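**Student:**
Protein chains: 2
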Amino acid sequence: MSSKQQRQQMVTRLIAHDNVSSQPHLQELLKEQGIEATQATISRDLEELGAVKIRIAGGESIYAIAEYAPARVAPSDQLRRVMAEWVAEVTSSGNLVVVRTPPGCAHVVASALDRSGLVGLLGTVAGDDTIMCVATEEVGGTGLAEQLRSLSGVTDATGGIPRKKGAAHV
Amino acid sequence: MSSKQQRQQMVTRLIAHDNVSSQPHLQELLKEQGIEATQATISRDLEELGAVKIRIAGGESIYAIAEYAPARVAPSDQLRRVMAEWVAEVTSSGNLVVVRTPPGCAHVVASALDRSGLVGLLGTVAGDDTIMCVATEEVGGTGLAEQLRSLSGVTDATGGIPRKKGAAHV
DNA sequence: TTGATGCTTGCATAATCATTCACTTACCCG
DNA sequence: CGGGTAAGTGAATGATTATGCAAGCATCAA
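Line by line, the protein sequences give chains Z and X. The opening residue of the first sequence carries number 1 in the numbering used here; numbering runs sequentially from there. The opening residue of the second sequence carries number 1001 in the numbering used here; numbering runs sequentially from there.
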């Protein structure tokens, strides 16, 4: 059945481009592309694709694909994977680094960090969606933050206040 | 109705801590916390909180709070109310601010702080009756502490007993 | 007070989504 | 071949979530 692959690919594309609000809606869009399927099949496709419904402005909610590239998994580096998946923001102040995650996920990331033996990281404390990391004096908060950002793939963002990368004291 | 605020706080906490799989499930958890509501009300709460259902390993899907700052419901007014109600003491040291609350209330306040998008506040970690807040280098612990005191209504001289700024334990 | 207005909620129900069951097809192995 | 197995699908149905509506309650102005 190559049509399943094809259909799911089209589902992904439709979700990415349009604001798909429901499965019947998606069914319709698929039909316009010459692909017919029942709502049941679409439900299964969405599950396999890891699609979720997110809320957008105005109370509407549309579908979106959760993670985009399942391809670039560094094999031996579980930390990188965890970081990439769960870390939303990395900021630093003094010799502390604050890592933000989705609610309830902090301990997962903190655990991974603790076990990583990252140089420059003395220890972590995890709350609900926030991790405080204590950096060594040698590396400093800024240096550690850069390491963590690199691991997680997030860009520098300090609450709207511009901050030069790596410009601070070490 | 202050119970709505309270309920939504609890919803946020429950979602963050447990794997809430459905609205009836959440209804049950709320009841254990002494909060009763119907599925309809919970549905509305989840919409207002921006909660979404995400898929996790094993085909399960659970609720999670979606985004961060944008379009959040009750910004500073709600924060001020929560702070006024539960914050007992605010002290700072370096770029850290320690907020004391009645036992068991720290999470509620920290959650409100986290979602407030307060300038100068990088993140929080909540224990049982203590919250540690990390201030940006620009604002600093003293500045943030002043903001928090202003929000909560407590004075620098907590409980009538003068207390030097930055004298707190860390 | 009285009436208007707006917010919150529960009830009933509609809308949406997931799953069970039965069927078909393709493939592998004896 | 023929049987067995696994994947994929649709129809029907069960489970879950959203919503229209009306009631209850607070606020405000006259």
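In this text, a Cβ means the ideal position worked out from N, Cα and C, and glycines have one as well. The model shown is predicted, which means the values in this text are computed figures rather than measured ones.
Measuring alpha carbon to alpha carbon, tell me which residue in Z:Arg13, Z:Gly127 and Z:Pro103 is nearest Asp45 of chain Z.
**Tutor:** Comparing Cα-Cα distances from Asp45 of chain Z to each of Z:Arg13, Z:Gly127 and Z:Pro103, the minimum goes to Z:Arg13.
**Student:** Going by CA-CA distance only, name the one from Z:Ser93, Z:Leu49 and Z:Leu29 that's closest to Val139 of chain Z.
**Tutor:** The residue with the shortest Cα to Cα distance from Val139 of chain Z is Z:Ser93.
**Student:** If we call anything under 8 Å between Cβ atoms a contact, is Thr1124 of chain X one with Leu1113 of chain X?
**Tutor:** Result yes, Cβ atoms of Thr1124 of chain X and Leu1113 of chain X sit closer than 8 Å.
**Student:** Return the residue from the list X:Ser1022, X:His1025, X:Ile1035 and X:Asn1019 that minimises the CA-CA distance to Met1010 of chain X.
**Tutor:** Answer by Cα proximity: X:Ile1035.
**Student:** Can you name the start and end residues of the beta strand (DSSP E) that Ser1092 of chain X belongs to?
**Tutor:** Its beta strand (DSSP E) spans residues Glu1089 to Ser1093.
**Student:** For Glu89 of chain Z and Ala1135 of chain X, what's the separation of their Cα atoms in angstroms?
**Tutor:** Their Cα atoms are separated by approximately 15 Å.
**Student:** Using the beta-carbon count (16 or more within 10 Å), is Thr1038 of chain X buried or exposed?
**Tutor:** It counts as exposed.
**Student:** Could you work out which residue in Z:Val109, Z:Gln23 and Z:Val99 is closest to Ala51 of chain Z when comparing CA atoms only?
**Tutor:** Among Z:Val109, Z:Gln23 and Z:Val99, the Cα nearest to that of Ala51 of chain Z is on Z:Gln23.
**Student:** Mind pulling the chain Z residues with CB within less than 8 Å of Gly1050 of chain X?
**Tutor:** Going along chain Z in sequence order, the residues near Gly1050 of chain X (Cβ under 8 Å) are Arg55.
**Student:** For my contact list, Met83 of chain Z and Leu29 of chain Z are in at a C-beta cut-off of 8 Å; report their separation, rounded to the angstrom.
**Tutor:** The Cβ separation is near 35 Å, so there is no contact.
**Student:** Looking at the strands, I want to know which residues DSSP matches up with Arg55 of chain Z.
**Tutor:** Looking at the DSSP assignment, Arg55 of chain Z forms a beta bridge with Z:Ser61.
**Student:** Hey, could you find the ends of the alpha helix (DSSP H) Ala1145 of chain X is sitting in?
**Tutor:** Looking at the DSSP string, the run of the alpha helix (DSSP H) that includes Ala1145 of chain X is Gly1140 to Ser1152.
**Student:** In whole angstroms, give me the CA-to-CA distance for Tyr63 of chain Z and Glu32 of chain Z.
**Tutor:** Taking the straight line from one Cα to the other gives about 18 Å.
**Student:** For Ala1126 of chain X versus Asp129 of chain Z, is the C-beta spacing smaller than 8 Å?
**Tutor:** Contact flag unset, no.
**Student:** Between the alpha carbons of Glu67 of chain Z and Asp1018 of chain X, how many angstroms are there, rounded?
**Tutor:** Residue placement at Glu67 of chain Z is poorly supported in this model, since its pLDDT is 48, which falls under 50; the coordinates still yield a value, given next. Their Cα atoms are separated by approximately 22 Å.
**Student:** Mind checking whether Val1099 of chain X and Val1109 of chain X have CB atoms under 8 Å apart?
**Tutor:** Yes. Within cutoff.
**Student:** Given that Met83 of chain Z touches chain X, what residues does it touch there, using C-beta distances under 9 Å?
**Tutor:** Within 9 Å Cβ-Cβ: nothing; Met83 of chain Z doesn't reach chain X, min ~16 Å.
**Student:** With a threshold of 8 Å between beta-carbons, can Val1011 of chain X be considered close to chain Z, or not?
**Tutor:** Not an interface residue.
**Student:** Give the range of the beta strand (DSSP E) segment to which Ile1131 of chain X is assigned.
**Tutor:** Unbroken beta strand (DSSP E) run through Ile1131 of chain X: Thr1130 to Ala1135.
**Student:** Please report how far the alpha carbon of Ile131 of chain Z lies from the alpha carbon of Gly141 of chain Z, in whole angstroms.
**Tutor:** C-alpha separation (whole angstroms): 13 Å.
**Student:** Select from Z:Leu144, Z:Val20 and Z:Ser3 the residue whose C-alpha is nearest the C-alpha of Ser61 of chain Z.
**Tutor:** When only C-alpha atoms are compared, the closest one is Z:Val20.
**Student:** Label Glu48 of chain Z either buried or exposed according to how many other C-beta atoms from any shown protein chain fall within 10 Å of its C-beta, with 16 as the threshold for buried.
**Tutor:** Exposed: under 16 other Cβ atoms inside 10 Å.
**Student:** Residues of chain X with CB closer than 9 Å to the CB of Arg100 of chain Z, please, in chain order.
**Tutor:** Chain X residues near Arg100 of chain Z: Tyr1068, Asp1114, Leu1122 and Gly1123.
**Student:** Would you call Ile1056 of chain X buried or exposed, if buried means 16 or more other Cβ atoms sit within 10 Å of its Cβ?
**Tutor:** When all chains shown are included, Ile1056 of chain X counts as exposed.
**Student:** If you follow the alpha helix (DSSP H) that Leu1029 of chain X is in, where does it begin and where does it stop?
**Tutor:** Per DSSP, Leu1029 of chain X belongs to the alpha helix (DSSP H) from Gln1023 to Glu1032.
**Student:** Taking 8 Å as the threshold (beta carbon to beta carbon), is Ile1065 of chain X in contact with chain Z?
**Tutor:** Closer than 8 Å: yes.
**Student:** Considering only residues of the same chain and omitting the five flanking positions on each side of Ser3 of chain Z, which have a CB-CB separation below 6 Å?
**Tutor:** Result list for Ser3 of chain Z: empty, nothing under 6 Å.
**Student:** Distance check for Val1087 of chain X and Val1119 of chain X, CA to CA, integer angstroms please.
**Tutor:** C-alpha separation (whole angstroms): 19 Å.
**Student:** For Ala1040 of chain X, would you say it is in contact with chain Z, using Cβ-to-Cβ distances shorter than 8 Å as the test?
**Tutor:** For Ala1040 of chain X, the answer is no, since every Cβ of chain Z falls outside 8 Å of its Cβ.
**Student:** Give every residue of the same chain whose Cβ lies closer than 8 Å to the Cβ of Gln27 of chain Z, excluding the five residues on either side of it in the sequence, and list them in chain order.
**Tutor:** Only Ala37, Thr38, Gln39 and Ile42 meet the Cβ criterion.
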